[in-house]
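Visitor: Sharing a structure with you now.
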Amino acid sequence: MTSDPPSSTVNDPLFDSNHRIFSDKDLLKIGHVPEADRIVGRDEEISKLAKRLNGAVFGSSPENVMIYGKTGTGKSLVSRHVSQRAQNAAEDNIDIGTAYIDCAEDNTETQVISSLAAKLNDESATDISVPYTGLSTSKYYKLLWKTLDTQFDSTILILDEIDLMNNDSVLMKLSRAEEAGKIDCSIGVIAISNKIQYVDNLNERVKSSFQHKEIFFKPYDANQLREIMFNREDAFRDGVLTEDVIPLSAAFAAQEHGDARKAIDILRHAGEVAYEDEAERVHENHVRRAQQHAEKDRFRELVNGAPTQAKAALLALTELSLNSKDDVFLTGRIYDQYENICMELNMDSLSVRRFRDILKEQAFLGVVEIEKINKGSAGGIHLQNRLIEDPEVVRETILEDSRMQR
DNA sequence: CTTCCACCGGAAATATTGGTAC
DNA sequence: GTACCAATATTTCCGGTGGAAG
């Protein structure tokens with residue numbers, strides 16, 4: 529997590545180690561955990577969480593905790609911070625393991641368990657190797673238990689964005705492992721979610737075995753956002769930031785329900801914009817442009833990162849939009865166009881059923897908009913699809929892909 | 001008030017991908 | 001190379017929809 533000091537051994541002038549704008553950009557990275565005295569306005573949450581984990585430090589069981597709060601309110605930050613401190617504070621004869629899993633990446637039971645095992649496993653200490661994939665779920669569990677047993681007295685597991693996981697039973701199995709005598713290591717789970725109803729939707733069996741306390745995180749207010757950013761000012765060189773930059777970024781982020789992640793993103797972007805501009809200092813207009821860029825970039829990335837079939841589908845929709853004055857089209861109409869495109873590009877075309885789902889996925893990502901309409905006896909229920917962004921822009925983005933050339 | 005159109009969308013079945021272990 | 005495994009992609013099948021037309 530800590531970065532290397534800037535090296536001065538590079539003498540090719542093409543790469544300059546003395547960045548004009550940033551002095552330590554890592555401070556603005558998403559996963560960055562600042563030192564204790566730089567965490568703003570979360571004292572209460574920190575001490576609450578610490579109380580729950582207290583047991584681990586002295587060799588008894590930590591409690592499970594469920595943390596709620598919107599994005600960018602410091603949930604992951606505080607969890608990582610407190611668990612790290614618990615690990616450091618543990619008594620001499622006590623070994624605490626900690627692991628952080630983002631369920632947005634590992635969103636199945638097996639992936640979570642295998643990642644946990646891989647992260648906690650110290651091969652030199654356990655003589656176990658955890659394969660990246662290929663084993664059955666139960667084998668991964670066995671590897672995890674073995675790892676925990678041989679290395680730790682207590683473990684704190686952070687499961688971030690747990691609502692994105694498709695299977696609850698991990699929570700149950702983790703809580704039960706100890707009482708079932710499978711392992712001799714206590715486990716405390718910190719589950720993080722931004723949906724308050726998460727627990728309500730849990731399976732009853734899971735709910736009863738995952739006994740937990742709940743902690744709520746409030747959004748940051750504008751003052752706290754500002755303070756957070758001032759705390760990371762060191763990421764920039766001295767005097768590079770003009771006065772308005774931080775307050776303005778804070779204001780933008782405050783509009784997004786006090787999302788500190790957004791605030792820092794904008795700040796970093798503004799620095800990048802200023803750099804590309806060859807400006808000496810970061811000004812207010814860089815922040816504004818950073819804000820706009822962020823939106824466009826996000827969209828381009830969505831389209832660019834889409835699978836080839838999805839691109840073909842979007843291309844069909846774009847061509848229809850460009851060639852008629854309408855901008856909404858029925859799925860069937862788009863499908864015909866899509867089949868033409870596939871034929872010309874010499875690629876396989878998917879079934880209509882699948883095609884519908886692809887459009888729905890794109891709607892979920894915010895690239896298209898779908899409305900359900902009913903034509904009565906003239907044709908029942910249909911979906912009307914519309915591109916949200918300018919078709920010309922979408923078309924250009926898609927055509928950047930070499931597989932889309934005709 | 002009923003009919004009826006043709007697409008919608010859930011579910012199950014099947015195929016494909018990408019990996020370990022032996 | 002063979003047997004497994006999880007995850008994801010796609011196809012097949014089919015009952016459900018709901019408002020305009022009659």
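In the working numbering, the protein residues as written are 529 to 934. Where is the CB? At the ideal position from N, CA and C, for every residue including glycine. What you are looking at is a predicted structure, and each value in this text was computed from that prediction instead of being measured.
1. Would you kindly work out how many angstroms separate the C-alpha atoms of Ala653 and Ala834, rounded to a whole number?
2. Got a sec? Which residues, its chain only, sit under 6 angstroms from Ile595 by beta carbon, not counting five neighbours each side?
3. What does DSSP give as the partner residue(s) for Ala627 in the beta ladder?
4. Within 10 angstroms of its Cβ, does Ile947 collect 16 or more other Cβ (buried), or is it exposed?
5. Give the range of the alpha helix (DSSP H) segment to which Ile524 is assigned.
6. Would you call Met693 buried or exposed, if buried means 16 or more other Cβ atoms sit within 10 Å of its Cβ?
7. Straight-line CA distance for Asp929 to Asn832?
8. Would Glu619 be called buried (16 or more neighbouring beta carbons within 10 Å of its own) or exposed?
9. Ignoring anything shorter than 4 residues or poking outside the region 608–652, list the alpha helix (DSSP H) runs there in chain order.
10. With which residues is Leu769 paired in a DSSP beta bridge?
11. Using 10 angstroms around the beta-carbon of Lys839, count the other beta-carbons present and answer buried if the total reaches 16, otherwise exposed.
12. Among Phe780, Gly908, Val922, whose alpha-carbon lies nearest the alpha-carbon of Arg914?
13. Does Glu573 come out as helix, strand or coil in the three-state DSSP assignment?
14. Roughly how many angstroms separate the alpha carbons of Ser777 and Ile792, rounded to a whole number?
15. Give the range of the alpha helix (DSSP H) segment to which Arg704 is assigned.
16. According to DSSP, simplified to helix, strand and coil, what is Val568?
17. Quick check on this structure: which residue in Leu687, Ala841, Leu663 has the alpha carbon closest to the alpha carbon of Ala891?
18. Could you tell me how far apart the beta carbons of Cys631 and Asp688 are, in whole angstroms, since I believe they sit closer than 8 angstroms?
19. Could you tell me the alpha carbon to alpha carbon distance between Phe745 and Val606, rounded to whole angstroms?
20. What are the boundary residues of the beta strand (DSSP E) that Glu742 is part of?
21. Does the Cβ-Cβ distance between Thr859 and Arg881 come in under 8 angstroms?
22. Secondary structure at Ser714, three-state DSSP: helix, strand or coil?
23. Within 10 angstroms of the Cβ of Glu920, are there 16 or more other Cβ atoms? Answer buried if so, exposed if not.
24. Answer yes or no: do Leu730 and Asp696 have a C-beta to C-beta separation smaller than 8 angstroms?
25. Run through DSSP, which three-state label would Ala841 get?
26. Taking Leu887 as the reference, give the member of Ala779, Glu872, Asp855, Leu845 with the closest Cα.
27. Apart from the five residues just before and just after Met700, which ones in its own chain have a Cβ nearer than 7 angstroms to its Cβ?
28. Which two residues bound the contiguous alpha helix (DSSP H) that contains Arg789?
29. Taking the continuous beta strand (DSSP E) assigned at Glu897, which residues delimit it?
Guide: Quick look at the numbers:
1. Here residue 653 corresponds to residue number 125 of the first sequence, with the count starting at 1. Here residue 834 corresponds to residue number 306 of the first sequence, with the count starting at 1. Ala653 and Ala834: Cα-Cα distance of roughly 42 angstroms.
2. Sequence index remark: in the first sequence, residue 595 carries index 67 (1-based). Around Ile595: Lys603, Ile720, Ile743.
3. Numbered from 1 along the first sequence, position 99 holds the residue referred to as residue 627. DSSP, once it has assigned bridges, lists Leu685 as partnering Ala627.
4. Any question about residue 947 goes unanswered here, given that the chain covers just 529 to 934.
5. Residue coverage of the chain in this structure runs from 529 to 934, which leaves residue 524 outside it and unanswerable.
6. Counting from one through the first sequence, the residue named residue 693 turns up at place 165. Buried: at least 16 other Cβ atoms inside 10 Å.
7. What you label residue 929 is simply residue 401 of the first sequence in a count that begins at 1. What you label residue 832 is simply residue 304 of the first sequence in a count that begins at 1. Cα-Cα distance, rounded: 8 angstroms.
8. Working through the first sequence from its first residue, we reach residue 619 at position 91. It counts as exposed.
9. Listed in chain order, the complete alpha helix (DSSP H) runs (minimum 4 residues) inside the region 608–652 are 637–648.
10. Residue mapping note: residue 769 aligns to position 241 of the first sequence, counting from 1. For Leu769, which the question treats as bridged, DSSP gives the partners Val810.
11. Locating residue 839 in the first sequence gives position 311, where the first residue counts as 1. When all chains shown are included, Lys839 counts as buried.
12. As a working mapping, residue 914 is identified with position 386 in the first sequence. For the residues Phe780, Gly908, Val922, the minimum Cα distance to Arg914 belongs to Val922.
13. As a working mapping, residue 573 is identified with position 45 in the first sequence. The answer is helix: DSSP assigns Glu573 an H, G or I state.
14. Counting from one through the first sequence, the residue named residue 777 turns up at place 249. Counting from one through the first sequence, the residue named residue 792 turns up at place 264. Each residue's Cα considered, the two are about 8 angstroms apart.
15. The sequence position of residue 704 within the first sequence is 176, counting from 1. Looking at the DSSP string, the run of the alpha helix (DSSP H) that includes Arg704 is 697–707.
16. Looking up residue 568 in the first sequence gives position 40. Note: Val568 maps to coil in three-state DSSP.
17. Indexing the first sequence from 1 puts residue 891 at position 363. The option with the nearest alpha carbon to Ala891 is Ala841.
18. Counting from one through the first sequence, the residue named residue 631 turns up at place 103. Counting from one through the first sequence, the residue named residue 688 turns up at place 160. Sure, about 6 angstroms apart at Cβ, within 8 angstroms.
19. Walking along the first sequence from the start, residue 745 turns up at place 217. Walking along the first sequence from the start, residue 606 turns up at place 78. Roughly 10 angstroms between the two C-alpha positions.
20. Along the first sequence, one-based indexing puts residue 742 at 214. For Glu742, the enclosing beta strand (DSSP E) has its first and last residue at 740–744.
21. Position 331 of the first sequence holds residue 859. Position 353 of the first sequence holds residue 881. Not a contact, by the Cβ cut-off of 8 angstroms.
22. Within the first sequence, numbered from 1, the residue matching residue 714 stands at position 186. Residue state, collapsed to three classes: strand.
23. In the first sequence, the residue the question calls residue 920 occupies position 392. When all chains shown are included, Glu920 counts as exposed.
24. Position 202 of the first sequence, counting from 1, holds the residue named residue 730. Position 168 of the first sequence, counting from 1, holds the residue named residue 696. The Cβ atoms of Leu730 and Asp696 sit closer than 8 angstroms to each other.
25. Here residue 841 corresponds to residue number 313 of the first sequence, with the count starting at 1. Ala841: helix per DSSP, three-state reduction.
26. Within the first sequence, numbered from 1, the residue matching residue 887 stands at position 359. Taking only the C-alpha atoms, the option nearest Leu887 is Leu845.
27. On the first sequence, position 172 is the one that residue 700 refers to. Excluding sequence neighbours, Met700 sits near Arg733, Val734, Ser737, Phe738.
28. The residue given as residue 789 occupies position 261 in the first sequence. 788–804 is the span of the alpha helix (DSSP H), which, as asked, contains Arg789.
29. If you number the first sequence from 1, residue 897 lands on position 369. Judged by DSSP secondary structure, Glu897 falls within the beta strand (DSSP E) whose first and last residues are 896–902.
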